[in-house]
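A.B. asks: Protein chains in written order, with our numbering: chain L, -10 to 338; chain E, -10 to 338.
2 protein chains.
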Amino acid sequence: MLPKTIEWKENKVFILDQRRLPEEENYLECHDAFTVAEAIKTLAIRGAPAIGIAAAMGIALGALGIDKRDFHSFYGELLSICDTLKQTRPTAINLRWALKRMREVCEANKGMDVGVIKECLIQEAIAILEEDVEINKKIGEMGKDLIRNGDTILTHCNTGALATGGYGTALGVVRRAWEERKGIKVVATETRPLFQGSRLTTWELKQEGIPVSLITDHMAGYLMQKEEIDLVMVGADRIARNGDVANKIGTYTLAVLAREHGIPFYVAAPLSTFDPTIKTGEEIPIEERGEEEITTPWGKRIAPEDVGVRNPAFDITPHRYVMAIVTEKGVIRPPFEEGVRRLWGEANG
Amino acid sequence: MLPKTIEWKENKVFILDQRRLPEEENYLECHDAFTVAEAIKTLAIRGAPAIGIAAAMGIALGALGIDKRDFHSFYGELLSICDTLKQTRPTAINLRWALKRMREVCEANKGMDVGVIKECLIQEAIAILEEDVEINKKIGEMGKDLIRNGDTILTHCNTGALATGGYGTALGVVRRAWEERKGIKVVATETRPLFQGSRLTTWELKQEGIPVSLITDHMAGYLMQKEEIDLVMVGADRIARNGDVANKIGTYTLAVLAREHGIPFYVAAPLSTFDPTIKTGEEIPIEERGEEEITTPWGKRIAPEDVGVRNPAFDITPHRYVMAIVTEKGVIRPPFEEGVRRLWGEANG
């Protein structure tokens, strides 16, 4: 049984500190929005859907801490908390999407007592978490037939229960195929610099009993050349209207390798990961993180002092490498723009 | 000034312990062949040309320790030491090549006193080291025009002075271009699992003042997509007659990426890296190393216990991805088989 990634309990937010997994299962107890923001920024919680949920709960916590009685003052302070949360990480759209949903709850209830609005915000944050789990299960259902009995699936980073409210996106599809008793195996890339593959994905899969092999990131080409990989399934942090996918750095390299070997490359993500305001991946901001993640893993310095370092946390996989995107409303195939428009239409009325 | 990688001094072999670089510059003092074999096996010394030199010096040390007076008994013991050294690592051909050279010295001098043969073996091992440095300088000279002023060169693992007797192969070409005052930059992949890029390549380049940026291995695709890489230059552990290249795991991934982006992919290696006995890369044995290199970097466990691990130390880049191979006798372009035959002919007769 996997521990909960994030939970709202007695007006506090409990966040499983993923930096210490799999060694320790510690929860951060957050009493205010700023502690939640810090948890997102430092990757105690990560994964696009999970940080959306965390941001929503951060807003709810923030709202509880505002002592203004009139809507205008209350909302002003809340917007400033929104800003703080929005600054934590730039690439994943789910964070922005969740903050927007929370603002809309405020605006829809502006005639109400501030105390009532606070309660609505708490309920909305909890709903975002619960809906996320339901959405992931639907993604799993929609995508499960992309995985055949006997397949070996290559996945990158962690897109499982830990990256979401529960169940997972790309790993949710794997989980669903496993529940259907398909004889599958997973190859997990370690995912430098932060080892989410080594630490989180293998840990999740082992708890489910799903066979998993761990590799370093650049071994993917070798295994594909040896015909040991049947398909690639990854998550997404933001998807442009044309289907370009921002995801954990290294995803693009896997997509190029998959195409070179004629291996299907699939993306699994909720519709909330699509950003309708941007046309192509070139418009998606890529977060560059600190050099210590590369030079000093686990506090052990492995590179000379003052060496130049590049540390983009994400990359963009152009849509032409993507065979299909699995969403909770169905599998979208190229041309993605059309499919996205259709499913967004269905989802939003 | 770089410290010496390996040195013969007063009938001992001193090996710079590369496992502790860049933090500590320690030398292993080897008094017998078995200590040298252990240093090769545990990667205290690594890099195809360097382990060839180490093996030759190991044989010379081994010879000194044999107390037999008659050639037959002496040579029997020496062949058994050869076997021990040959078992250390299966992929790099230079090791086998150097052992063969040492055996040939014995056989050519079989009529001589054993004491004289021992002296010949010492001289041969020292000659292999000295020749290697000369060969590398010629490789640099032959390859330098593949690098233009202003180029950014992506390299993998460490192919510098530390991987050889001195100067380096792929990094020797870079070094030569730098000596010609070309304004160049290097991007070094960290090279999981053992971080030869982070620990050794950046350290060597910084000592030369050559600008270098460090990345994790799978960031290569991102930088190529951003048009930040002009060419890829790597070394080799063994090259088949048809030009298929065995090199550090991850090389094949870089070759696929390079082709996808229309970026030249070059290999730099001495002619002794070619294996005339094999036709294609499929015949080259790939060493699989222990899982702890992946699950427990620096003694810090980062993956769950009992997780399955794959750890091939090399991969094969098919010749169709290779634009040119730089040797000490010239640059070979496809079809490689023809070029290799021609240069081998020149070199051996």
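From the three backbone atoms N, C-alpha and C, an ideal C-beta is built for every residue, glycine too.
When burial is assigned at 16 or more other CB atoms within 10 Å of the CB, is residue 187 of chain L buried or exposed?
C.D. replies: Buried, by the Cβ-count rule.
A.B. asks: According to DSSP, what are the bridge partners of residue -5 of chain E?
C.D. replies: Residue -5 of chain E is bridged to E/4.
A.B. asks: When you compare each of E/137, E/167, E/30 and E/286 to residue 179 of chain L by their alpha carbons, which one comes out closest?
C.D. replies: Of the listed residues, the one whose Cα sits closest to residue 179 of chain L is E/286.
A.B. asks: Anything in the region 202 to 236 of chain E with a Cβ closer than 8 Å to a Cβ of chain L? List those residues in chain order, please.
C.D. replies: So the close ones are 202, 203, 204, 205, 206, 207, 208, 209, 210, 211, 212 and 214.
A.B. asks: Let me see if you follow: with CB-CB separation under 7 Å, is residue 274 of chain E close to chain L or not?
C.D. replies: Not an interface residue.
A.B. asks: CB residue 305 of chain L to CB residue 233 of chain L, shorter than 7 Å?
C.D. replies: Contact: yes.
A.B. asks: Can you tell me the Cα-Cα spacing of residue 128 of chain E and residue 314 of chain L, whole angstroms?
C.D. replies: The straight-line gap from Cα to Cα measures roughly 48 Å.
A.B. asks: Take residue 283 of chain E and list the residues in its own chain whose beta-carbon comes closer than 6 Å to its own, dropping the five residues that flank it on each side.
C.D. replies: Correct list, in chain order: 182, 298 and 300.
A.B. asks: Within the continuous beta strand (DSSP E) that includes residue 202 of chain E, where are the two ends?
C.D. replies: 201 to 204 is the extent of the beta strand (DSSP E) around residue 202 of chain E.
A.B. asks: Any beta carbon from chain A within less than 7 Å of residue 304 of chain E's own beta carbon?
C.D. replies: The structure shown contains no chain A; its protein chains are L and E.
A.B. asks: Please confirm whether residue 275 of chain L and residue 303 of chain L have their CB atoms less than 7 Å apart.
C.D. replies: Yes.
A.B. asks: I want to verify the contact list: residues of chain L whose CB lies under 8 Å from the CB of residue 297 of chain E, in sequence order.
C.D. replies: Within chain L, the residues near residue 297 of chain E are 200, 201, 202 and 203.
A.B. asks: Cβ atoms of residue 227 of chain L and residue 273 of chain L: under 7 Å apart, would you say?
C.D. replies: Taking 7 Å as the Cβ cut-off, residue 273 of chain L and residue 227 of chain L qualify as a contacting pair.
A.B. asks: What is the residue span of the beta strand (DSSP E) that residue 136 of chain E lies within?
C.D. replies: Premise fails: residue 136 of chain E is in no beta strand (DSSP E) and is neither H nor E.
A.B. asks: So which of L/5, L/279, L/270 and L/316 has the shortest CA-CA distance to residue 309 of chain L?
C.D. replies: Here the closest residue by C-alpha is L/270.
A.B. asks: Please determine if the region -9 to 8 of chain E and the region 107 to 121 of chain E are in contact, where contact requires at least 3 C-beta pairs separated by less than 8 Å.
C.D. replies: Segments in contact, yes.
A.B. asks: Are the C-beta atoms of residue 181 of chain L and some chain E residue less than 7 Å apart?
C.D. replies: Chain E, which has a Cβ nearer than 7 Å to the Cβ of residue 181 of chain L, makes this yes.
A.B. asks: Can you check the region 136 to 172 of chain L for any alpha helix (DSSP H) of at least 4 residues that lies completely inside it and give the ranges in chain order?
C.D. replies: The qualifying runs are 159 to 168.
A.B. asks: For residue 263 of chain L, which residues does DSSP report across the bridge?
C.D. replies: L/228, per the DSSP bridge assignment.
A.B. asks: Would you tell me roughly how many angstroms separate the C-alpha atoms of residue 204 of chain E and residue 85 of chain L, rounded to the nearest one?
C.D. replies: Approximately 29 Å, taken between the alpha carbons.
A.B. asks: Looking only at DSSP bridge pairs, what is residue 257 of chain L linked to?
C.D. replies: DSSP, once it has assigned bridges, lists L/315 as partnering residue 257 of chain L.
A.B. asks: By DSSP, does residue 72 of chain L sit in helix, in strand, or in coil?
C.D. replies: Reduced to three states, the DSSP call for residue 72 of chain L is helix.
A.B. asks: How should residue 277 of chain L be labelled, buried or exposed, when 16 other C-beta atoms within 10 angstroms of its C-beta is the threshold for buried?
C.D. replies: By the neighbour-count rule (16 or more Cβ atoms within 10 Å), residue 277 of chain L is not buried but exposed.
A.B. asks: Comparing the C-beta of residue 241 of chain E with each C-beta of chain L, is any distance below 7 Å?
C.D. replies: Closer than 7 Å to some Cβ of chain L, the Cβ of residue 241 of chain E qualifies, so yes.
A.B. asks: Please determine, among E/158, E/88 and E/143, the residue with the shortest C-alpha to C-alpha distance to residue 174 of chain E.
C.D. replies: Among E/158, E/88 and E/143, the Cα nearest to that of residue 174 of chain E is on E/143.
A.B. asks: Tell me, please, whether the CB atom of residue 75 of chain L is closer than 7 Å to any CB atom in chain E?
C.D. replies: Cβ-Cβ to chain E under 7 Å: no for residue 75 of chain L.
A.B. asks: Compare the C-beta of residue 261 of chain L against all C-beta atoms of chain E and say whether one is closer than 7 Å.
C.D. replies: Not one chain E Cβ lies under 7 Å of residue 261 of chain L.
A.B. asks: Sort out for me which residues DSSP pairs residue 38 of chain L with in a bridge.
C.D. replies: Answer is none; residue 38 of chain L lacks a bridge partner.
A.B. asks: Output needed in chain order: residues of the region 157 to 175 of chain L with a Cβ under 7 Å from some Cβ in chain E.
C.D. replies: Per Cβ criterion, the list is empty.
A.B. asks: Output the distance between the C-alpha atoms of residue 325 of chain E and residue 213 of chain E, rounded to the nearest integer angstrom.
C.D. replies: Using only the alpha carbons, I get a separation of about 26 Å.
A.B. asks: Determine whether the Cβ of residue 238 of chain L lies closer than 7 Å to any Cβ atom of chain E.
C.D. replies: Output row for residue 238 of chain L: interface = yes.
A.B. asks: Looking at residue 245 of chain E: is its Cβ nearer than 7 Å to the Cβ of residue 210 of chain L?
C.D. replies: Yes, these two residues count as a Cβ contact at 7 Å.
A.B. asks: Residues of chain E with a CB under 7 Å from the CB of residue 292 of chain L: which are they?
C.D. replies: Residues of chain E passing the Cβ test: 187, 188, 191 and 203.
A.B. asks: When you compare only the Cα positions, how much space is there between residue 54 of chain E and residue 21 of chain E?
C.D. replies: Cα to Cα, residue 54 of chain E sits roughly 7 Å from residue 21 of chain E.
A.B. asks: Looking only at its own chain, which residues have a Cβ that is under 6 Å from the Cβ of residue 190 of chain L, when we skip the five neighbours before and after it?
C.D. replies: Once the five neighbours on either side are set aside, the close Cβ partners of residue 190 of chain L are 147 and 177.
A.B. asks: For the putative contact between residue 7 of chain L and residue 151 of chain L, defined by C-beta atoms under 8 Å, what is the C-beta separation to the nearest angstrom?
C.D. replies: 6 Å between Cβ atoms; contact.
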